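If you use the numbering used here, the sequence shown corresponds to residues 25 to 155, in order. Backbone N, C-alpha and C define an ideal beta-carbon position, used for all residues, glycine too. As the structure is a computational prediction, the values presented were derived from the model and not from experiment.
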Amino acid sequence: MEWREVYNVGIEPIDGQHKRLVHTITRLQTALACGDINQELANALRFLVDYAREHFAEEERLMREIGFDGQERHRELHRKFAAQVTLLLVSLRQGKRVDPGALLDFLTDWVDRHIRCEDKKIGRWMTTKGS
Ligand SMILES: [Fe+2]
Numbered sequence: 025m026e027w028r029e030v031y032n033v034g035i036e037p038i039d040g041q042h043k044r045l046v047h048t049i050t051r052l053q054t055a056l057a058c059g060d061i062n063q064e065l066a067n068a069l070r071f072l073v074d075y076a077r078e079h080f081a082e083e084e085r086l087m088r089e090i091g092f093d094g095q096e097r098h099r100e101l102h103r104k105f106a107a108q109v110t111l112l113l114v115s116l117r118q119g120k121r122v123d124p125g126a127l128l129d130f131l132t133d134w135v136d137r138h139i140r141c142e143d144k145k146i147g148r149w150m151t152t153k154g155s
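(1) From A126, V30, R117 and L72, pick the residue whose C-alpha is nearest to that of H102; which is it?
(2) Taking the beta carbon of D143 as the centre, do at least 16 other beta carbons fall within 10 Å, making it buried, or is it exposed?
(3) Report whether the distance from the Cβ of D74 to the nearest heavy atom of ligand 2 is below 6 Å.
(4) Which residues have their C-beta within less than 5 Å of a heavy atom of ligand 1, listed in chain order?
(5) Roughly how many whole angstroms lie between the Cα atoms of Q63 and R148?
(6) Reducing DSSP to helix, strand and coil, say where M25 ends up.
(7) Where does V122 fall in DSSP's three states?
(8) Please tell me whether V109 and A57 are closer than 7 Å, where the distance is taken between their beta carbons.
(9) Using three-state DSSP, classify C141 as helix, strand or coil.
(10) Helix, strand or coil for E36, going by three-state DSSP, please let me know.
(11) Once DSSP output is grouped into helix, strand and coil, what is the label at F10?
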């Protein structure tokens, strides 16, 4: 997956953190294509669980600070993402099979819809409210 201009929210360090997510997706795609997925899947899921905790906390702090409309809904989307990646990490640790293709679909959809559409609203809110 390539980083695209349209993913830029216009807020650092949020954009930098989003780029790390896209980088993780790219690594997973490469590992899957090259038949090297097992270790990378475990690494990616560990990263994603930490990422969800730290990055979402930062976004949510920012939303509170600027009085962003629709915070509750946005936080709910974060909670669903965090619950999903946590469930997959737990499943993997229990020795269950985690489908890397389904994880990749979930993550690319997240970038394309959550970052491109939802997170972008935070950037626009900051611009229009002049914070
Ligand atoms: Fe978000």
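So, from the listed chains and residues:
(1) Looking up residue 102 in the sequence shown gives position 78. If we check each option's Cα against that of H102, L72 comes out closest.
(2) Position 119 of the sequence shown, counted from the first residue, corresponds to residue 143. Burial call: buried.
(3) Absent from the structure shown: ligand 2. Ligands present: ligand 1.
(4) Per the CB criterion, closer than 5 Å to any heavy atom of ligand 1, the qualifying residues run in chain order as E83 and D143.
(5) Walking along the sequence shown from the start, residue 63 turns up at place 39. Walking along the sequence shown from the start, residue 148 turns up at place 124. Roughly 39 Å between the two C-alpha positions.
(6) The sequence position of residue 25 within the sequence shown is 1, counting from 1. Of the three classes helix, strand and coil, the one that applies to M25 here is coil, per DSSP.
(7) Your numbering for residue 122 matches position 98 in the sequence shown. Reduced to three states, the DSSP call for V122 is coil.
(8) For the purposes of this step, residue 109 is taken as the residue at position 85 of the sequence shown. For the purposes of this step, residue 57 is taken as the residue at position 33 of the sequence shown. In terms of Cβ geometry, V109 and A57 do not form a close pair [threshold 7 Å].
(9) Position 117 of the sequence shown, counting from 1, holds the residue named residue 141. C141: helix per DSSP, three-state reduction.
(10) Here the question's residue 36 lines up with position 12 in the sequence shown. Reduced to three states, the DSSP call for E36 is coil.
(11) There is simply no residue 10 to check, as the chain begins at 25 and stops at 155 in what is shown.
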